[in-house]
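Chemist: Residue numbers (mature numbering (1 follows the signal peptide of the UniProt record, and there is no 0)): -29 to -1, 1 to 384. Ideal placement from N, C-alpha and C gives every residue a C-beta, glycine not left out. Following this message is one structure expressed as structure tokens.
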């Protein structure tokens, strides 16, 4: 496609969306209290190392600018003792130069919270996401082709209240990650189940003691430059979780597990020892929120580690590419995370985040990933939100990457 035509097409969708947003804001009246929301968004982001290559290496470092034009919507509807919620985003992502990477990303979350008249309650959740794969993973295929990561998760939990402060709870879950490139070896499937007894539910202090089992399958694992095999990871845990919420300003959650993990593939190191996590949410004032987390676990579990960042002045979720899951095949990984949010005024918010992932293969191989970022948001009206952010990511001895961008989001309820 000629360069001028590509540039015109790259800008056409955002301009059309901007015009539509202006007319929509005039045509649609603000109406609070609705259980649903719909909206549209436009974002421009620049990445100075798209393929996560080393500076000074044999392959050139490539930068590019991306335009993301999308829609979002959701609903949160209680009915009787139940509650149904759903939210989704979809974005058309167009690259200014690396047009072979053009893609459609999406994120979908569904959930149902239910309870009976008596002592039974529970939840069912489903999630599906698609985004451009992470080119900087340890096991990522070295390529400039478009490679999409598709992930999905399903989970169900059930709780039975024996009495007001004592209950039994259990659950099952399924996670899957696939890639559009056939030679990408990071595909994984995981199934798990757990059951436990919780004391003090609804009080300032609660304790959960339980057991869990899981199995992860990697269908294609490279054992040499020309040979491949599969690996099944079986895991058993005995864990104890303590949640302490003395006031509405602070919640501290700590988990300690006795973990035993085995691999079916010869040469993969098994693990037997302690894993765990600590998370602290603290509302320092009505304007300052802090969240800190420390997690030490095997690589398979770290892959599916979920962590929700702090969002200031939210009007539904900020639209963007769904977060890409980083595939971790290491024997043991330690993840430290810190988020801070400051509401400068009722319309202006600041955020900052820091991530550090240290992994060990159990032999001489170690890997450290450090990432941090800053963001600012401005919400001039109840329906319109603007934001900009900048982020930096470095992987020890491999690559460094800087990204920055701005977005506009219009949401109606």
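1) To the nearest whole angstrom, what separates the beta carbons of residue 340 and residue 325, a pair I think is in contact under 8 Å?
2) Considering only residues of the stretch 147 to 216, which uninterrupted beta strand (DSSP E) runs meet the minimum length of 3 residues and lie entirely inside it, listed in chain order?
3) Spell out a yes or no on whether the stretch 43 to 63 and the stretch 24 to 33 are touching, meaning 3 or more CB-CB pairs, one atom from each, closer than 8 Å.
4) Our contact map puts residue 142 next to residue 129 with C-beta atoms below 8 Å; I'd like the distance itself, whole angstroms only.
5) By DSSP, does residue 51 sit in helix, in strand, or in coil?
6) I believe residue 8 touches residue 382 by the beta-carbon criterion, under 8 Å. Please report the beta-carbon distance rounded to the nearest angstrom.
7) Under 9 Å, do residue 234 and residue 202 count as touching if we go by C-beta distance?
8) Helix or strand or just coil, what does DSSP make of residue 73?
9) Here's a check: name, in chain order, each residue in its chain whose Cβ is nearer than 7 Å to the Cβ of residue 193, leaving out the five neighbours to either side.
10) Report the partner residues of residue 112 according to the DSSP bridge assignment.
11) Based on the DSSP output, what are the partners of residue 347 in its beta bridges?
12) Hey, residue 15 and residue 39: beta-carbon distance below 9 Å or not?
13) Which of the three DSSP states is assigned to residue -6 in this structure?
14) If I follow the unbroken beta strand (DSSP E) through residue 352, where does it start and stop?
15) Less than 8 Å between the CB atoms is what I'm expecting for residue 328 and residue 304, so what's the real figure, rounded?
16) Just verifying my parser: in three-state terms, what is the DSSP assignment at residue 270?
17) Confirm, please, whether the CB-CB distance from residue 214 to residue 443 is below 9 Å.
18) Could you give the distance in angstroms between the alpha-carbon of residue 356 and the alpha-carbon of residue 350?
19) Does the beta-carbon of residue 189 have 16 or more other beta-carbons within 10 angstroms, so that it is buried, or is it exposed?
20) Among the residues of its own chain, which have a CB less than 6 Å from the CB of residue 106, if the five just before and after it don't count?
21) Just checking my contact of residue 145 with residue 162 at CB under 8 Å: how many whole Å lie between their CB atoms?
22) Taking the Cβ atom as the reference point for each residue, do residue 74 and residue 42 lie within a distance shorter than 9 Å?
23) Where do the ends of the beta strand (DSSP E) carrying residue 121 lie?
24) Residue 72 and residue 103 - do their beta-carbons sit closer together than 9 Å?
Modeler: According to the structure data:
1) As a first step, residue 340 must be located in the chain shown, where it is residue number 369. As a first step, residue 325 must be located in the chain shown, where it is residue number 354. No, residue 340 and residue 325 are not in contact; Cβ-Cβ is about 12 Å, not under 8 Å.
2) 159 to 170 and 176 to 193
3) no
4) Taking the chain shown and counting its residues from 1, one reaches residue 142 at position 171. Taking the chain shown and counting its residues from 1, one reaches residue 129 at position 158. Indeed, because the Cβ distance is near 7 Å, the residues count as touching under 8 Å.
5) Here residue 51 corresponds to residue number 80 of the chain shown, with the count starting at 1. Reduced to three states, the DSSP call for residue 51 is coil.
6) Here residue 8 refers to the residue found at position 37 when the chain shown is read from its first residue. Here residue 382 refers to the residue found at position 411 when the chain shown is read from its first residue. Rounded, the Cβ-Cβ distance is 5 Å, consistent with contact.
7) Reading the chain shown from its first residue, position 263 is the one you call residue 234. Reading the chain shown from its first residue, position 231 is the one you call residue 202. Against a cut-off of 9 Å, the Cβ pair of residue 202 and residue 234 comes out as a contact.
8) Your numbering for residue 73 matches position 102 in the chain shown. Note: residue 73 maps to coil in three-state DSSP.
9) On the chain shown, position 222 is the one that residue 193 refers to. Taken in chain order, the residues that qualify are 156 and 199.
10) Residue mapping note: residue 112 aligns to position 141 of the chain shown, counting from 1. Partner(s): none; residue 112 has no beta bridge.
11) Position 376 of the chain shown holds residue 347. Bridge partners of residue 347: 321 and 359.
12) Sequence index remark: in the chain shown, residue 15 carries index 44 (1-based). Sequence index remark: in the chain shown, residue 39 carries index 68 (1-based). In contact: residue 15 and residue 39 (Cβ atoms closer than 9 Å).
13) Reading the chain shown from its first residue, position 24 is the one you call residue -6. Its pLDDT being 46, under 50, residue -6 is placed unreliably by the model, and nothing is read from it.
14) As a position in the chain shown, residue 352 is number 381, starting the count at 1. Residue 352 -> no beta strand (DSSP E), and no H or E assigned at all.
15) Position 357 of the chain shown, counting from 1, holds the residue named residue 328. Position 333 of the chain shown, counting from 1, holds the residue named residue 304. With 8 Å as the limit, residue 328 and residue 304 qualify as a contact, their Cβ atoms being about 6 Å apart.
16) Position 299 of the chain shown holds residue 270. Three-state DSSP puts residue 270 in a helix.
17) Residue 443 lies beyond the residue range present for the chain, which begins at -29 and ends at 384; the question has no answer from this structure.
18) Here residue 356 is taken as the residue at index 385 of the chain shown, counted from 1. Here residue 350 is taken as the residue at index 379 of the chain shown, counted from 1. Between residue 356 and residue 350, the C-alpha separation is close to 4 Å.
19) The residue you call residue 189 lines up with position 218 of the chain shown. Residue 189 comes out buried.
20) Your numbering for residue 106 matches position 135 in the chain shown. Closer than 6 Å at Cβ, skipping near neighbours: 22 and 23.
21) Here residue 145 corresponds to residue number 174 of the chain shown, with the count starting at 1. Here residue 162 corresponds to residue number 191 of the chain shown, with the count starting at 1. That belief holds up - the Cβ atoms of residue 145 and residue 162 are roughly 5 Å apart, short of 8 Å.
22) The residue you call residue 74 lines up with position 103 of the chain shown. The residue you call residue 42 lines up with position 71 of the chain shown. No, Cβ-Cβ distance for residue 74 and residue 42 is not below 9 Å.
23) As a position in the chain shown, residue 121 is number 150, starting the count at 1. Per DSSP, residue 121 belongs to the beta strand (DSSP E) from 119 to 134.
24) By one-based count along the chain shown, residue 103 stands at place 132. By one-based count along the chain shown, residue 72 stands at place 101. Contact flag set, yes.
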